[in-house]
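Taken in sequence, the protein lines are chains A and B.
Quick note on numbering: the first sequence equals residues 329 to 560 in my numbering.
Quick note on numbering: the second sequence equals residues 329 to 560 in my numbering.
First the structure, in the form of C-alpha cells, and then the observations on it.
There are 2 protein chains.
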Amino acid sequence: MSSVNLVNQQWQMLVFERFMEILKTPYGNFPAMWNLANAINDAESLKQIVELLSQHPTAKDAFHKRLLLGTIDLQQLHSLPKNTLGYAYAEHMLGNGLKPIQPQAINHDYDYLMVHLTETHDIWHVVTNTDTSIAGEIQLQAFVTAQLHISRFSLAMLAKNLLKTAVEDLDLAEQRMDALTKGWLMGKQAKPLFGIQWHTLWEKPLAQLQTQYNILLDIPATSVSAMSTSNN
Amino acid sequence: MSSVNLVNQQWQMLVFERFMEILKTPYGNFPAMWNLANAINDAESLKQIVELLSQHPTAKDAFHKRLLLGTIDLQQLHSLPKNTLGYAYAEHMLGNGLKPIQPQAINHDYDYLMVHLTETHDIWHVVTNTDTSIAGEIQLQAFVTAQLHISRFSLAMLAKNLLKTAVEDLDLAEQRMDALTKGWLMGKQAKPLFGIQWHTLWEKPLAQLQTQYNILLDIPATSVSAMSTSNN
Numbered sequence: 329m330s331s332v333n334l335v336n337q338q339w340q341m342l343v344f345e346r347f348m349e350i351l352k353t354p355y356g357n358f359p360a361m362w363n364l365a366n367a368i369n370d371a372e373s374l375k376q377i378v379e380l381l382s383q384h385p386t387a388k389d390a391f392h393k394r395l396l397l398g399t400i401d402l403q404q405l406h407s408l409p410k411n412t413l414g415y416a417y418a419e420h421m422l423g424n425g426l427k428p429i430q431p432q433a434i435n436h437d438y439d440y441l442m443v444h445l446t447e448t449h450d451i452w453h454v455v456t457n458t459d460t461s462i463a464g465e466i467q468l469q470a471f472v473t474a475q476l477h478i479s480r481f482s483l484a485m486l487a488k489n490l491l492k493t494a495v496e497d498l499d500l501a502e503q504r505m506d507a508l509t510k511g512w513l514m515g516k517q518a519k520p521l522f523g524i525q526w527h528t529l530w531e532k533p534l535a536q537l538q539t540q541y542n543i544l545l546d547i548p549a550t551s552v553s554a555m556s557t558s559n560n
Numbered sequence: 329m330s331s332v333n334l335v336n337q338q339w340q341m342l343v344f345e346r347f348m349e350i351l352k353t354p355y356g357n358f359p360a361m362w363n364l365a366n367a368i369n370d371a372e373s374l375k376q377i378v379e380l381l382s383q384h385p386t387a388k389d390a391f392h393k394r395l396l397l398g399t400i401d402l403q404q405l406h407s408l409p410k411n412t413l414g415y416a417y418a419e420h421m422l423g424n425g426l427k428p429i430q431p432q433a434i435n436h437d438y439d440y441l442m443v444h445l446t447e448t449h450d451i452w453h454v455v456t457n458t459d460t461s462i463a464g465e466i467q468l469q470a471f472v473t474a475q476l477h478i479s480r481f482s483l484a485m486l487a488k489n490l491l492k493t494a495v496e497d498l499d500l501a502e503q504r505m506d507a508l509t510k511g512w513l514m515g516k517q518a519k520p521l522f523g524i525q526w527h528t529l530w531e532k533p534l535a536q537l538q539t540q541y542n543i544l545l546d547i548p549a550t551s552v553s554a555m556s557t558s559n560n
C-alpha cells in the first residue's frame, strides 16, 4: 500500500470512529459534533467550499471582512413588530431558551466558515421555518448540505441521523425522510444565504426576506400537487 | 439498567458493528448487506412491514400464496418488442451481465419479504428507470424505503451510502442527494409495487406499466419547473 493510501485509510478509520461516537450520544451533543467535524473536514474540501461559496458576492465580502453579527439584544428584537425577522428570531431564541453564540477566534477562512454557520444557525431555522425538533434539524441540515455544495460533515450528519432513526425512532422514519427531502430541495432552490448580514435586516418582514431569497416553504406540497395535476 | 435496556443496547452495538463492517467493504458486497440486514431487522418491525404492505390486495395475495417469478428465459424476453417490460428487463440483465436469482427456501412471511424484494430488484430498476450506478442504486433504495414505509435496513443502507459518499466520493454528493430525493418522492407517489407478478406482464409496454403504477420518472424536473413557475 502506498503511503498516500495508508494516510487515507487512517483518516477513514478516524472518521468512522468519530461517527460511531456520535451515534452513541444523544442528539445535539456539540463536543461529539465538533470531534466528527474536525476529523472529517479535510483542508482540501473546506477550501473548495470556501471557493464555491465565494462565487457569490455576499459570501465573498463576508469572508474578506470576516463579518460577524455582533451583540444581539433579544429583548429589544422581541419588541419589534411581529412580522419582522428580528421578532421571529427573538421569539425562536427565547421560546427555546437559547442564547446567541459568542464567536470564537477567527484565524482562517475555515474558522470563519464554521463561526458564521454556527452564529447564524438559528436565523436559518427562522427563515427556513424549521423548528428544533429532530425532523426540523434534519430539514435544516439537508438545506445546509445543499447550500454548501460539498460538505463532508453535513453529509455525515445526515447519515448519522438516518441511522439513528433506523435504530431508535423507526416510527418517525417517514417524517424524517420527508424533512430531509424538503430541506434538500429548498436548499437547492434558495439563493445563497451564506454571508448575509442578518443583523441589518431585523426590521424587515420575514415573509419578504423569504421571497427575496427564494426560500420556498411549500416545496413538497408544490411538488406533490404539481405531480398529481400532471397525472390526473 | 433494566434487562430490556441491556438487550436493546446490545442490539444497537451489534447493528453499529455491522454498519462499520459494510462501510469498509466496496459497494455491492452482499454478505455484508446480509449481515447488516440480519442484525438490524427485528421481528417486530418486519411484522409491521408485512402488515402495512398487506393492506394492499396485491401484496396480501402474494404473501398468502408466496408467489414467485419462476424460471426466466432472458433470451426469450429479449426477442419481445423493444417497448415491452420483458425486453427492457432482458436488456438490463444481459447488458449488466446479471442473471435472475434463484430464490432460497421460504418458511415465513419475512423470508418471502426478502426473497420477493431480491428477485424483483432488477425489475424495479427497470420500471423506475434507475441504472446500476451508485446513484441509481441510491435512488432505488430510497424508492424502496418509501414503499416499505418502515424498513430499518433500507434506512441504514441510505445512511451507509451517504457516509461513504462523504468520505470517498465527495464530488458526487449532489448527484447522490438528488438521487435519494428523487427516489423518495417517486416511491411515495407510486402505487404499491410489492407483490406484483411481473412475469405475467412481460409483454406489456413498459411506459404503460409506469403510467398504470404512477411511477413518475420526471419528479424533480416537475417539482423544479412547478416551483420556478410559481415564483417567477
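No residue lacks a Cβ here, since even glycine has one placed at the ideal position from N, Cα and C.
All figures in this text were calculated on a predicted structure; none of them were measured in a lab.
For residue i, which residues in chain B fall below 9 Å Cβ to Cβ?
i	result
isoleucine 368/A	Ala494 and Val495
isoleucine 478/A	Leu498, Asp499, Ala501 and Glu502
tryptophan 585/A	Coverage of chain A is limited to positions 329 through 560, which leaves residue 585/A absent and any answer about it impossible.
Less than 9 Å between the beta carbons of residue i and residue j, yes or no?
i	j	result
histidine 477/A	glycine 398/A	no
tryptophan 339/B	alanine 365/B	no
glycine 511/B	phenylalanine 471/B	yes
leucine 381/B	glutamate 531/B	no
alanine 494/B	alanine 487/A	yes
methionine 485/A	glutamine 467/A	no
leucine 342/A	leucine 491/A	no
tyrosine 438/A	alanine 390/A	no
proline 533/A	asparagine 457/A	no
alanine 518/B	asparagine 542/B	yes
leucine 402/A	valine 443/A	no
arginine 394/A	tyrosine 440/A	yes
aspartate 450/B	tyrosine 417/B	yes
leucine 529/B	leucine 405/B	no
glutamate 447/B	proline 431/B	yes
By the criterion of Cβ-Cβ separation under 9 Å, what are the contact partners of residue i in chain A?
i	result
serine 373/B	Leu498
In the structure shown, what three-state DSSP assignment does residue i receive?
i	result
threonine 539/A	helix
threonine 412/A	strand
proline 520/B	coil
proline 533/B	strand
lysine 375/B	helix
leucine 544/A	coil
valine 335/B	helix
serine 561/A	This structure does not reach residue 561/A, given that chain A is present from 329 up to 560, and the question cannot be answered.
aspartate 389/A	helix
threonine 528/A	helix
glutamine 340/B	helix
asparagine 559/B	For asparagine 559/B, the predicted model reports a pLDDT of 37, less than 50, meaning its position is unreliable and no value from the coordinates is stated.
glutamine 469/A	helix
proline 354/B	coil
List, in chain order, every chain B residue whose beta-carbon is nearer than 7 Å to that of residue i.
i	result
leucine 351/A	Phe344
Exercise. Mind checking the stretch 514-541 of chain B against chain A and listing, in chain order, the residues whose C-beta falls within less than 7 Å of any C-beta there?
Key: Gln517
Self-check item: Residues within the stretch 336-347 of chain A neighbouring chain B, beta-carbon criterion of under 7 Å
Solution: Gln340, Val343, Phe344 and Phe347
Quiz item: Going along the chain, which residues of the stretch 482-493 of chain A sit with their C-beta nearer than 7 Å to a C-beta in chain B?
Solution: Leu483, Ala484, Leu486, Ala487, Leu490, Leu491 and Thr493
Self-check item: Under 8 Å (Cβ pairs) to chain B, residues found in the stretch 442-457 of chain A
Solution: none
Quiz item: What are the residues of the stretch 459-477 of chain A that lie near chain B, defined by any Cβ-Cβ distance shorter than 9 Å?
Solution: Ala470, Thr473, Ala474 and His477
Quiz prompt | Residue ranges of each alpha helix (DSSP H) within the stretch 391-464 of chain B, 4 or longer | solution = 402-406, 413-423 and 437-456
Self-check item: Contained alpha helix (DSSP H) runs [length at least 4] in the stretch 484-518 of chain B, N- to C-terminal order
Solution: 501-517
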